[in-house]
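Participant:
Protein chains in written order, with this note's numbering: chain B, 440 to 642; chain S, 440 to 642.
1) Measure from the C-beta of residue 497 of chain B to each C-beta in chain S and report whether the shortest distance is under 8 Å.
2) Put residue 513 of chain S into one of helix, strand or coil per three-state DSSP.
3) Just the C-alpha distance for residue 453 of chain S and residue 482 of chain B, rounded to the nearest angstrom, thanks.
4) For a minimum of 3 consecutive residues, which ranges assigned as the beta strand (DSSP E) are wholly contained in the segment 505-583 of chain S?
5) Under 9 Å Cβ-Cβ, which residues of chain B neighbour residue 444 of chain S?
6) Using CA atoms only, rank isn't needed, just tell me which of S:457, S:561, S:535 is closest to residue 441 of chain B.
7) Can you give me the C-alpha to C-alpha distance between residue 476 of chain B and residue 467 of chain B, rounded to a whole angstrom?
8) Report the residue from B:526, B:515, B:525, B:546 whose alpha carbon sits nearest the alpha carbon of residue 539 of chain B.
9) Can you tell me whether DSSP reads residue 463 of chain S as helix, strand or coil?
10) Considering only residues of the same chain and omitting the five flanking positions on each side of residue 461 of chain B, which have a CB-CB separation below 8 Å?
11) Just tell me which of S:615, S:584, S:576, S:562 has its CA closest to the CA of residue 598 of chain S.
12) Could you tell me the boundaries of the beta strand (DSSP E) in which residue 607 of chain B lies?
13) In this structure, how does DSSP classify residue 602 of chain S when only helix, strand and coil are distinguished?
14) Is the separation between the beta-carbon of residue 456 of chain B and that of residue 528 of chain S shorter than 8 Å?
15) Going by DSSP, what residues sit across from residue 495 of chain B in a beta bridge?
16) According to DSSP, simplified to helix, strand and coil, what is residue 612 of chain B?
17) Given a limit of 9 Å on CB to CB distance, which residues of the segment 452-468 of chain B reach chain S?
18) Quick check on the burial criterion: 16 or more other C-beta atoms within 10 angstroms. Buried or exposed for residue 543 of chain S?
19) Count the other CB atoms within 10 Å of the CB of residue 596 of chain B; is the residue buried (16 or more) or exposed (fewer)?
20) Given a cut-off of 8 Å, decide if residue 591 of chain B and residue 546 of chain B are closer than it, judged by their beta-carbon atoms.
21) With distances taken Cα to Cα, identify the nearest neighbour of residue 427 of chain S among S:574, S:558, S:614.
22) Quick one: grab the DSSP three-state call for residue 635 of chain B.
23) If you draw a straight line from the C-alpha of residue 614 of chain S to the C-alpha of residue 626 of chain B, how long is it?
24) Which residues of chain S have a Cβ atom closer than 9 Å to the Cβ of residue 715 of chain B, listed in chain order?
25) So, with DSSP's three-state summary, where would you put residue 630 of chain S?
26) Less than 7 Å between C-beta atoms, sequence neighbours within five positions excluded: which residues of the same chain meet that for residue 465 of chain S?
27) Please report the residue range of the alpha helix (DSSP H) in which residue 446 of chain B lies.
28) What residues of chain S sit near residue 485 of chain B, judged by a beta carbon separation below 8 Å?
29) In angstroms, rounded to a whole number, what distance separates the CA positions of residue 641 of chain S and residue 588 of chain S?
30) So that I know if they touch, is there some Cβ in chain S lying closer than 8 Å to that of residue 476 of chain B?
31) Note down, in chain order, every chain B residue with its Cβ under 8 Å from the Cβ of residue 479 of chain S.
32) Tell me, to the nearest whole angstrom, how far the beta carbon of residue 472 of chain B is from that of residue 489 of chain S; I am working on the premise that it is less than 8 Å.
33) Less than 8 Å between C-beta atoms, sequence neighbours within five positions excluded: which residues of the same chain meet that for residue 524 of chain B?
34) Any idea if residue 633 of chain B is buried or exposed, counting beta-carbon neighbours within 10 angstroms, 16 or more meaning buried?
35) Which word fits residue 497 of chain S, buried or exposed, when buried means at least 16 other C-beta atoms lie within 10 angstroms of its C-beta?
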């Protein structure tokens with residue numbers, strides 16, 4: 440049985456979303472049919488607005504509708520710290536955790552030989568330029584804790600050679616709330632290697 | 440941190456899809472940002488087309504862009520059989536299985552006291568009318584195998600009282616390819632109750 444063309448077409452568009460297969464895409468298309476027409480119109484308008492109004496911040500690469508973005512423009516942010524992330528999604532996760540008050544630099548990619556992906560040299564150059572031009576004291580590299588993230592990390596530090604900025608990386612170790620029983624061996628190894636000396640703790 | 444307004448808005452629209460939560464909706468919105476603008480435009484157009492070009496078939500309630508739908512209009516279909524389903528999604532699943540060659544009748548709902556949902560009396564009336572006006576010999580009730588489906592089933596047969604059409608229901612039993620070990624007790628009970636007599640099999 441062939442579905443009506445408009446239904447078939449929307450399903451094939453929905454299937455291009457990550458993690459959405461045939462069945463989910465079909466359920467979404469039927470949801471559009473069952474909801475009032477205003478739902479489809481709001482989504483259509485939202486899609487076009489999203490593409491037309493948002494762009495990467497010219498300074499840090501965060502997704503924004505103003506330039507520079509609200510983070511780069513915030514006078515209460517610590518301008519001596521720049522956290523380097525792979526994507527704007529990672530930036531948003533950090534902001535929503537509310538644990539960091541410095542600036543960001545979004546690479547918009549990672550080093551992945553398997554996916555034939557390289558870092559955009561402009562993004563590395565603009566990071567170096569920010570370090571040189573502004574009073575950045577520390578670059579915190581927050582690439583994802585996996586092979587691609589590590590390769591990305593090494594590429595960033597080799598690019599920053601010759602600058603005297605302090606460079607750090609997020610700690611690897613046991614995820615808080617997790618359990619040792621289920622920790623994988625690489626994480627356990629990292630937790631051992633980076634164990635914290637407690638000599639100075641009162642006993 | 441508040442996200443840019445167009446991003447926030449599209450995420451809240453995506454969250455109205457069944458099974459899509461905050462994280463998935465955010466990933467979808469970012470996917471729209473990362474894909475070329477043509478993706479957003481195709482989806483926007485698809486959404487509007489879907490709502491404007493598709494409607495329920497006037498005869499059976501199937502989703503269609505022509506009237507009557509391609510199933511009702513198909514001269515090779517067995518017009519003596521009408522399969523009653525809760526939704527057009529169910530109809531599509533059956534068509535894709537390719538195991539049935541009769542007509543359909545989509546109720547567009549079910550009896551669900553918990554969700555305060557009732558059957559549309561017009562759909563029941565039009566089913567009765569099809570039985571009376573046309574040479575329908577058998578109504579196959581294919582409501583979902585759960586409480587709401589059974590309530591719907593009883594409502595349909597009580598509505599068809601007074602007609603002499605044959606009425607049947609899909610068999611309940613072990614799903615083929617499943618295992619008895621993991622079958623629930625209601626399914627096992629149904630499988631016992633509806634056990635098939637093998638006296639006539641050669642031995």
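Don't be surprised by glycine CBs; every beta carbon is placed ideally from N, CA and C. Since this is a predicted model, take the numbers as computed values, not measurements.
Facilitator: On the basis of the supplied data:
1) no
2) coil
3) 8 Å
4) 517-524, 541-545, 577-581
5) 488, 492, 504
6) S:535
7) 14 Å
8) B:515
9) helix
10) 450, 454
11) S:562
12) 605-608
13) coil
14) no
15) B:502
16) coil
17) 452, 453, 455, 456, 457, 458, 459, 463, 465, 466, 467, 468
18) buried
19) exposed
20) yes
21) Here chain S comprises residues numbered 440 to 642, so residue 427 of chain S is not present and cannot be evaluated.
22) coil
23) 42 Å
24) In the structure displayed, chain B extends from 440 to 642; residue 715 of chain B sits before or after that span and is not available.
25) helix
26) 450
27) 444-453
28) 445, 448, 449, 452
29) 37 Å
30) yes
31) 486, 487, 489, 490
32) 7 Å
33) 530, 533, 543, 544, 545, 546, 581, 582
34) exposed
35) exposed
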